[in-house]
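*Asks:*
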Amino acid sequence: QISKRLVKSVGRISKRNWDTLYDVWELLNSVRWKPSDLRNFQRSLDRASFNYQKRKGEIDTGCAAICILQGHHHLTTSNHVKALRHYFDARRIAPGNPIVLLCIASCYIKLSIRRGTTKPNLMLMKAFSFLQEYANVRSQTLAVLDVLPETYSGSEYETKSVQTFEILYNIGISYEKANISFLAEKYLRDALEVQKIPQHFKREAAYALANIYRRSGNKSLAAGVLKKHFTV
Numbered sequence: 086q087i088s089k090r091l092v093k094s095v096g097r098i099s100k101r102n103w104d105t106l107y108d109v110w111e112l113l114n115s116v117r118w119k120p121s122d123l124r125n126f127q128r129s130l131d132r133a134s135f136n137y138q139k140r141k142g143e144i145d146t147g148c149a150a151i152c153i154l155q156g157h158h159h160l161t162t163s164n165h166v167k168a169l170r171h172y173f174d175a176r177r178i179a180p181g182n183p184i185v186l187l188c189i190a191s192c193y194i195k196l197s198i199r200r201g202t203t204k205p206n207l208m209l210m211k212a213f214s215f216l217q218e219y220a221n222v223r224s225q226t227l228a229v230l231d232v233l234p235e236t237y238s239g240s241e242y243e244t245k246s247v248q249t250f251e252i253l254y255n256i257g258i259s260y261e262k263a264n265i266s267f268l269a270e271k272y273l274r275d276a277l278e279v280q281k282i283p284q285h286f287k288r289e290a291a292y293a294l295a296n297i298y299r300r301s302g303n304k305s306l307a308a309g310v311l312k313k314h315f316t317v
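Shown next as structure tokens:
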């Protein structure tokens, strides 16, 4: 059942508006892969990539969404170099896309903390460079939302408060993955202070913040955060 839905999702996500298909991305990100599923999904990606290029009539065009998914596939198998190659292919096709920039930054962070990496500090510098570029691009989106009429009603993802939360949360989580806890704590706290955010978004940030406090030994602060955002 899941495999059939994933194959259909790959077909949908290769459309022009791939970066706004939030339900499809959530489906793809929620799956817990098994080795057999990964092989089948990779074949689906290769087939979708070939069909996309055949439709466009240009073998070098490619689809940024499919490149991202191929990068995710290699990231799942801990092949960070191949993942970066696909992410940079996506950046070539869709320069300045925030999803692509965030994927590159996340991959560099994973590469920096991997055992055996020869230049971890260089990897972190590259990661934070792309992370800053991501934040700048998303900030431009916030400027566009400022001039929209008050009667505008987009999805729950297309409000200024949600996108502000997204920037702060992604930066905070990136610092947390890089083991820079004091900066992660700052950005996650700022994210939780953003108003008019769906509760399930805030719970993600609250849980990450509680884990930071728990690892530092401050169990009372961790319990306070969980009580505030998880108590019904």
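Position in the sequence shown (first residue = 1) + 85 = my numbering. Glycine included, C-beta positions come from ideal geometry on N, C-alpha and C. Please read these numbers as outputs of a predicted model, since none were measured by experiment.
1) Between the alpha carbons of Tyr298 and Lys304, how many angstroms are there, rounded?
2) Assess contact between the stretch 206–226 and the stretch 255–273, defined as three or more Cβ pairs (one per stretch) separated by less than 8 Å. Is contact present?
3) CA-CA distance, Cys188 and Ser246?
4) Let me confirm a value: Arg199 is counted as buried when at least 16 other C-beta atoms fall within 10 Å, else exposed. Which label applies?
5) Gly156 to Arg177, Cα distance in whole Å?
6) Look at Leu209 and Tyr219 and say whether their C-beta atoms are less than 9 Å apart.
7) From what residue to what residue does the alpha helix (DSSP H) around Arg274 run?
8) Would you say Leu187 touches the ligand GDP, meaning its beta carbon is less than 8 Å from a heavy atom?
9) Mind checking Gln248: buried by the 16 CB within 10 Å criterion, or exposed?
10) What is the DSSP secondary structure of Ser214, counted as helix, strand or coil?
11) Which of the three DSSP states is assigned to Ser301 in this structure?
12) Out of curiosity, what's the CA-to-CA distance linking Arg300 and Ala307?
13) Judging by CA-CA distance, which residue of Lys271, Lys313, Asn182, Ala263 is the nearest neighbour of Arg223?
14) Hey, quick one: how far does the alpha helix (DSSP H) through Arg170 stretch, first residue to last?
15) Use the C-beta contact count for Leu207: other C-beta atoms within 10 angstroms, 16 or more gives buried, fewer gives exposed.
*Replies:* Short version:
1) 6 Å
2) yes
3) 22 Å
4) exposed
5) 14 Å
6) One thing to note: Leu209 has its Cβ no nearer than 9 Å to the Cβ of Tyr219.
7) Where Arg274 is concerned, the enclosing alpha helix (DSSP H) stretches over 266–277.
8) In the structure on display, the ligand GDP does not appear, and there are no ligands present to speak of.
9) Counting Cβ neighbours within 10 Å, Gln248 comes out buried, since at least 16 surround it.
10) helix
11) coil
12) 9 Å
13) Arg223 has its Cα closest to that of Asn182, out of Lys271, Lys313, Asn182, Ala263.
14) 165–178
15) exposed
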